[in-house]
Amino acid sequence: MKPSSVFGPFAYEEKILELVAYDYEGLKELFFRIEELRQKYFCLGFLAYEAYKAFDDHSFTSTTPLAYFGIFSFRSSFTPPKSNDVFTPLFPQWIAKEEYLHKIEQLKEQIKEGNTYQGNLTTTFYCSSTLSSYEIFLSLLYKQDTHYRCFLPTPFGDVISFSPELFFSIQNEDIITKPMKGTMPRGQSEKEDQANKEFLRNDLKNRSENVMIVDLLRNDLSKIAQKASVKVPHLFEIETYPTLFQMTSTITAKLKKTELLEVFQALFPCGSISGAPKRSTLEILHRLEGKERGVYCGALGVVEKERALFSIPIRTLFKQENKISYGVGSGIVWDSVGESEYEELKTKMSFLSVNFDLIETMLYENHKIPFLQKHLSRLYSSAQALGFSFPKDLEQELRALEFEGKFILRVTLKRGGEYTLHIQEFIPHTSNAIILKKREGKSDLYPYKTTYRPWAEGIEYGKVFDAVFYDERGYLSEGSRSNLLLEIEGKLYTPKFDGNFLKGIYREEMIRCGQVSERELKVEDLKSASKIFCVNSVRGRVEVNLIEIYSKLS
């Protein structure tokens, strides 16, 4: 059963109230209500990064929420259910490298002029997915779970966060903050992994960035801390995550007062995602970034009784209908190297993405490639949708091929536009048998032809022609390398396109010519069909038969 919300190890239920603020007076009222409610209820929500503007300028008003909290009357331990969904976000535009490098140089110019010492420069990416927010949350949870995982649906959009960074934790008068500054990717081997970890631990650039933020937070904490209570018990610790290493330090203090409004006014936004000195750096970053960060880099957490716990929402998605925003950034100092900072962005994006290439498989016969233009159009459309560069010379190279005989031609396209051609002799298939295979879960890559195909693993093409997939409800979709046609009462039908399979070239041509109609087809239809065909542009239309012994519904 899907929980209302999740934060850390708990699921939150029975929401009785929602609090929203758009300006300083609204923030004051929101925190006043939280102080009233926290003894009896659980207050789970966020402050948007732009809330700092209202703290600095009490006349500032936002058109989007500066803070949102849901008030819940019940919580329980959250045990993630099994998920077969695979979140593979569709990025129509990848990292704009030249633009980001230019902004780094502009920020370094501000450092040169003495206006800042360090700034956390960020950018926002937009992607789409057919998965629901909770399906995305579960899919990513199994890839990179963290202490501050969060699933928080709101009327303004859904927050899906896997932040590893603690902003602050308050228990009675004790406060802990744990800034995270310094990143290194995991290695490809145990030896490289350890070497990367040691490099981060001893790297002067990362240590200097970290200590700058520690000093900034010590200063921020001193505004609300009891005299001589600010301590740094841990400096330059390395934390390990599935895709990267992070350097953290720990600062503690005892508070004079524990009202949250005062705490946020002193600490927000956290220095690790802004810079030093904070106020001048915030102004510089606002000019360079040119857009709002929103929930990203704000604060996300829960307040209850004498305890408050907030993360800094990095590694965080914000989903509005099918549009998803994802912010990512890196700390820039005077000796930062633009190329290295760009690589750090990619490292921080890696937990979202699945590594794959685009592929296109064609028949080459008698010096021609049937349906060549349709293959190129499909590959181009896929490249546009998935943020791949499309090579301008590919069509010319394909048309220039000169071979005698019949071959299978495979184009593999990488994200940067590099491609390879693989040519193998056409070998007639040795089996006309098909099996049924249940394909559980969802994936945004189902409608695209890529190298990422875990659902097709284990199919032995020498023993069967293909495996035909069906879903949890028993509806048929496609084969692993072909589309399906069923002859029913003298007419040919193919599964109706629902976004969960690839529109094959041969299938589309048969539909265009009026030879085949689309309709919803179930496993029972396949078993009762008078004839079964598998079609693709390499082997054409092949009549097949179902092997019942391998096709029991699981």
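The sequence shown begins at 300 in the numbering used here and counts up one residue at a time.
Beta carbons are placed, not taken as given, at the ideal position from N, Cα and C, and that holds for glycine.
None of the values given here were measured: they were computed from a predicted structure.
Secondary structure of R500 (DSSP, three-state): helix. At the C-beta level, P379 and L437 come within 8 Å of one another. Of the other Cβ atoms in all chains shown, fewer than 16 fall within 10 Å of the Cβ of S829; this residue is therefore exposed.
Just so you know, the alpha carbons of A350 and S610 end up roughly 15 Å apart.
Shown here for K442: same chain residues with a beta carbon closer than 8 Å to its own, the five before and five after excluded, namely P541, F650 in chain order. With respect to the 8 Å criterion, V513 and L534 are classified as neighbours on the basis of their beta carbons. Taking 8 Å as the cut-off, the Cβ atoms of P484 and T615 do not count as close. Under the 10 Å beta carbon count, L712 is surrounded by 16 or more other beta carbons and is classified as buried.
Around the beta carbon of R337, a 10 Å sphere encloses 16 or more other beta carbons of the protein chains shown; the residue is thus reported as buried.
Relative to E643, the option among N419, F330, I435 whose CA is nearest is N419. Each residue's CA atom was taken as its position, placing K480 and F341 some 30 Å apart. In this structure, the CA atom of T363 is about 15 Å from the CA atom of S624. The alpha-carbon separation between S358 and Y323 amounts to approximately 7 Å. Using a Cβ-Cβ distance cut-off of 8 Å, the segment 546-557 and the segment 587-596 are not in contact, since fewer than three pairs of beta carbons, one from each stretch, lie closer than that value.
For A347, the three-state secondary structure derived from DSSP is coil.
Of all alpha-carbon atoms in G761, K396, A699, V837, the one lying nearest the alpha-carbon of E640 is that of K396. Two segments are said to touch when three or more pairs of C-beta atoms, one from each, lie closer than 8 Å; by this definition the segment 706-726 does not touch the segment 736-747. If you check the CB distance, I734 and A755 do not come in under 8 Å. Distance from the Cα of K590 is smallest, within the candidate group V305, T423, L820, for T423.
A residue is called buried once 16 or more other Cβ atoms fall within 10 Å of its Cβ, and C812, having fewer, is exposed.
The residue among R838, N835, L825, V837 with its C-alpha nearest the C-alpha of N844 is L825. Here the segment 829-840 does not lie against the segment 696-705, with fewer than 3 beta-carbon pairs under 8 Å apart. Within the segment 553-623, the complete beta strand (DSSP E) segments of 3 residues or longer fall at 598-603, 606-610, 615-619, listed in chain order.
Note on S372: under 16 other CB atoms within 10 angstroms of its CB, so exposed under the neighbour-count rule. Only buried fits K618, as 16 or more other CB atoms lie within 10 angstroms of its CB. F689 is positioned such that its CB atom lies no closer than 8 Å to that of T749. The alpha-carbon of K339 is positioned some 13 Å away from that of E313. Residue pairing from DSSP places Y425 in a beta bridge opposite S624. Comparing C-alpha distances from I403 to each of R606, T547, I631 shows the shortest one belongs to I631. Each residue's CA atom was taken as its position, placing I707 and L678 some 17 Å apart. Each residue's CA atom was taken as its position, placing L346 and S676 some 45 Å apart.
C-alpha of T729 to C-alpha of G778: approximately 17 Å in a straight line.
In the three-state scheme derived from DSSP, where H, G and I count as helix and E and B as strand, M300 is classed as coil. Contact check for Y311 and G344: beta-carbon distance about 11 Å, past the 8 Å limit, so the pair fails to qualify.
A check of alpha carbon separations from R738 across G716, Y425, P753 identifies P753 as the nearest. K477 sits buried, since 16 or more C-beta atoms from the chains shown fall within 10 Å of its C-beta.
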